[in-house]
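Note that UniProt numbering has the sequence shown beginning at 1, numbered continuously upward. Below is one structure, written out as structure tokens; comments come after it.
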Amino acid sequence: MREGKSPTEMELELMVEARSKLAEMCQEFTPNDIIGGDGVRGVIEDLGLNCKDQSLGFISPKITISEMCLLAKERWKKQNTF
1 MREGKSPTEM
11 ELELMVEARS
21 KLAEMCQEFT
31 PNDIIGGDGV
41 RGVIEDLGLN
51 CKDQSLGFIS
61 PKITISEMCL
71 LAKERWKKQN
81 TF
């Protein structure tokens, strides 16, 4: 988006301000207060994992996101051939 350009002075100031506010929040709150469980569950579901299995301690096989996309694409092709 920036085409390799450096951030402007204003953007650098905004980044410093955002980092300092985040540091203050981390000192006052626990991680669960900052990022809710619903947000984490949403990311887990978006990645194609079962949220209930995660809460039960089920460890899914370690595959990369690109491998997961390829598997989903193959499954989709198989469904369309029938």
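The beta carbon of each residue, even a glycine, is placed where N, CA and C say it ideally should be.
**OP:** Measure how close the beta-carbons of G48 and A72 come, nearest whole angstrom, since I'm counting them as under 8 Å.
**Re:** The residue given as residue 48 occupies position 48 in the sequence shown. The residue given as residue 72 occupies position 72 in the sequence shown. Contact flag correct, Cβ pair sits at about 7 Å.
Original post:
If you run the structure through DSSP and keep just helix, strand and coil, what is K5?
Top reply: Position 5 of the sequence shown, counting from 1, holds the residue named residue 5. DSSP places K5 in coil when its eight states are reduced to three.
Original post:
Can you name the start and end residues of the alpha helix (DSSP H) that G36 belongs to?
Top reply: Position 36 of the sequence shown, counted from the first residue, corresponds to residue 36. That residue, G36, is in no alpha helix (DSSP H); it is neither H nor E in DSSP.
**OP:** Reducing DSSP to helix, strand and coil, say where I63 ends up.
**Re:** Position 63 of the sequence shown holds residue 63. Three-state DSSP puts I63 in coil, outside helix and strand.
**OP:** Check G48 in the structure and name its three-state DSSP category.
**Re:** Numbered from its first residue, the sequence shown carries residue 48 at position 48. The answer is coil: DSSP assigns G48 none of H, G, I, E or B.
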